[in-house]
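J.: For the sequence shown, the positions run 1 to 386 when UniProt numbering is used.
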Amino acid sequence: MDENIENNYLNLILFSKNLIAESLMEASQTDSTEEFPKETLRKLKLSRIFSAAFASEMGGENLGLIPGSNVAMLQILKNIGAGNLVMGRVLEGHINAQLLIDQFGTNLQKKNFANDAIAGHLFGVWNTQANDGTTLRENLDENFLLSGAKTFATGSDFVTRPIVTANLEDGSWQMCIVPLDKICTNTDPSWWNPMGMKASRSYKMNFENAVIPQENILGIAGDYYKQPYFSGGSIRFAAVQLGGAETLLNETIKYLRELNRTEDPYQKMRLGEMTILISSGNQWLKSAGEFLDQYMINSSKENSEIFLAHANMMRTAIEKICTKIIVLCQKCVGARGLNKPYHFERIIRDLSTYLRQPAPDVSLSEVGTFALQSDISLDNLWENKI
Ligand SMILES: Cc1cc2nc3c(=O)[nH]c(=O)nc-3n(C[C@H](O)[C@H](O)[C@H](O)COP(=O)(O)OP(=O)(O)OC[C@H]3O[C@@H](n4cnc5c(N)ncnc54)[C@H](O)[C@@H]3O)c2cc1C
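1) What separation, rounded to the nearest whole angstrom, lies between the Cα atoms of Trp-173 and Asn-143?
2) Does the beta-carbon of Tyr-354, which I'm using as the reference point, lie nearer than 7 Å to any heavy atom of ligand 1?
3) Excluding sequence positions up to five away, which residues of its chain have a Cβ less than 8 Å from the Cβ of Gln-214?
4) For Gly-243, verify whether its CB is less than 7 Å away from any heavy atom of ligand 1.
5) Determine whether the beta carbon atoms of Ala-27 and Arg-236 lie at a separation below 8 Å.
6) Where Glu-208 and Gln-227 are concerned, what is the direct C-alpha to C-alpha distance, given to the nearest angstrom?
7) Measure from the alpha carbon of Gln-98 to the alpha carbon of each residue in Phe-50, Pro-67 and Gln-75, then state which is nearest.
8) Would the C-beta of Gly-93 count as close to ligand 1, meaning under 7 Å from any of its heavy atoms?
9) Is the region 327-338 touching the region 240-258 in the sense that three or more CB pairs, one from each, lie closer than 8 Å?
10) Val-178 lies in the beta strand (DSSP E); which residues open and close that run?
11) Per DSSP, which residues does Glu-138 bridge with? Please list them.
12) Identify the continuous alpha helix (DSSP H) that holds Lys-226 and give its terminal residues.
13) Taking 7 Å as the cut-off, does the CB of Gly-124 come closer than this to any heavy atom belonging to ligand 3?
14) Could you tell me the distance, in whole angstroms, from the CA atom of Val-240 to the CA atom of Cys-322?
15) Just to confirm, is the Cβ distance from Asn-70 to Asp-293 under 8 Å?
16) Helix or strand or just coil, what does DSSP make of Gly-243?
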């Protein structure tokens with residue numbers, strides 16, 4: 001990869017790492033369903049990270065779009081998650097939307113929405129819904145009308161350009177980009193009473209005949225679930241989760257040092273286990289980025305299967321790593337450490353909540369299916385031979 005591009009990515013990674021300490025403080029001050037980490041968002045908006053997942057000709061950095069950029073993308077997400085899992089979740093949605101626009105948008109849409117990101121519009125992807133989900137109906141004037149509700153609409157009141165999915169009349173699943181600063185919606189915060197991730201404001205969002213201009217329809221019906229990028233995208237939320245677990249390790253070390261509890265053999269043993277877990281998580285992260293790089297170089301059907309199986313392994317492994325870190329951290333710091341103002345109890349609540357991502361059972365069983373049924377040699381999953 002070109003040295004300048006590589007340096008750009010290194011700068012973005014450094015920026016995200018330098019944000020951790022302040023972001024951690026803001027996370028503890030905004031741990032409420034009515035709050036939002038505004039200051040960290042303000043800083044992100046001022047950085048190149050905010051429009052990075054658009055192509056360079058649109059004013060972005062090609063992050064997550066070209067081979068060699070994917071490890072950097074995952075490291076940035078990890079660092080933002082290390083400061084505040086809420087902001088990690090928000091940035092993940094923002095980046096996911098940009099990647100979808102790059103994948104399925106027209107040139108004009110790419111240009112216009114990249115300009116929106118550069119101007120500070122926050123993006124998101126709102127796909128989850130309950131029984132009263134969304135529909136899109138074509139209007140006489142060739143615009144569309146969006147009705148129904150989305151649940152878990154992260155960043156409510158701050159996201160102004162969510163990609164919202166909805167049923168067309170024939171039952172197919174269509175994406176549209178909703179200009180929330182231009183239409184009326186009804187936000188329902190009472191729906192959001194979670195154990196953690198409170199400030200993600202993942203409220204319920206209701207639409208009633210909201211006018212969606214034709215130029216805000218993204219791709220064609222069915223594009224949203226196209227593989228391998230749909231399930232393969234799980235490596236991004238896993239990176240954010242790993243950031244939270246890494247901070248639990250770093251804060252545990254700090255806590256034990258402050259209490260002068262560094263010579264106890266049992267604490268040393270737990271710290272050893274935690275360090276191995278985080279180190280493994282980072283190896284998964286790096287290899288997931290590299291597998292995605294390789295898939296971008298050669299997008300054959302076989303490589304798609306390999307990338308997907310690896311992504312499923314990575315997210316499952318990181319979920320297990322985070323769960324183990326939570327248990328070990330609690331044993332290390334005890335009840336005293338779980339008191340505020342220490343960060344442990346909040347991060348544990350946030351991480352436990354954020355670990356509940358879609359279809360964990362399916363994801364693991366697909367790894368088993370790959371192992372049992374694929375003609376591709378399993379070596380491909382760890383030797384990165386794509
Ligand atoms: C903080 C946070 C922010 C979020 N932000 C967004 C967002 O911005 N946009 C968005 O679209 N979504 C968002 N989500 C939703 C997220 O993507 C998942 O849809 C959601 O977290 C899954 O919730 P769940 O664990 O209740 O899922 P469930 O699907 O209910 O899974 C719970 C368990 O049941 C199992 N299971 C699933 N289906 C079945 C079945 N049919 N029979 C038996 N068992 C089953 C699962 O494997 C799992 O073990 C967010 C979630 C969180 C926690």
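All C-beta atoms, glycine included, are put in the ideal place defined by N, C-alpha and C. Note that the structure is a prediction, hence the values are computed from the model and not measured.
T.: For this structure:
1) Position 173 of the sequence shown holds residue 173. Position 143 of the sequence shown holds residue 143. Cα to Cα, Trp-173 sits roughly 17 Å from Asn-143.
2) Here residue 354 is taken as the residue at index 354 of the sequence shown, counted from 1. Because some heavy atom of ligand 1 lies under 7 Å away, the Cβ of Tyr-354 counts as near it: yes.
3) Against the sequence shown, residue 214 aligns to sequence position 214. Same-chain partners within the cutoff: Glu-142, Asn-143 and Phe-144.
4) Taking the first residue of the sequence shown as position 1, residue 243 is located at position 243. No; taking the cut-off as 7 Å, the Cβ of Gly-243 has no heavy atom of ligand 1 nearer than that.
5) By 1-based counting over the sequence shown, the position of residue 27 is 27. By 1-based counting over the sequence shown, the position of residue 236 is 236. No, the pair does not count as a contact, with Cβ atoms beyond the cut-off.
6) What you label residue 208 is simply residue 208 of the sequence shown in a count that begins at 1. What you label residue 227 is simply residue 227 of the sequence shown in a count that begins at 1. So the two alpha carbons sit approximately 31 Å from each other.
7) On the sequence shown, position 98 is the one that residue 98 refers to. Per the Cα distances, Phe-50.
8) Walking along the sequence shown from the start, residue 93 turns up at place 93. Yes, Cβ of Gly-93 sits closer than 7 Å to a heavy atom of ligand 1.
9) yes
10) Taking the sequence shown and counting its residues from 1, one reaches residue 178 at position 178. First-last for Val-178: undefined, no H or E at that position.
11) Within the sequence shown, the letter at position 138 stands for residue 138. DSSP output for Glu-138 lists Phe-144 as bridge partner(s).
12) Within the sequence shown, numbered from 1, the residue matching residue 226 stands at position 226. Segment: none, Lys-226 is in no alpha helix (DSSP H) and carries neither H nor E.
13) With respect to ligand 3, the structure shown offers nothing to examine, as its ligands consist of ligand 1.
14) In the sequence shown, the residue the question calls residue 240 occupies position 240. In the sequence shown, the residue the question calls residue 322 occupies position 322. Their backbone Cα atoms lie some 11 Å apart in a straight line.
15) As a working note, residue 70 is residue 70 in the sequence shown. As a working note, residue 293 is residue 293 in the sequence shown. Contact: yes.
16) As a first step, residue 243 is located in the sequence shown; it is residue number 243 there, counting from the start. Helix at Gly-243.
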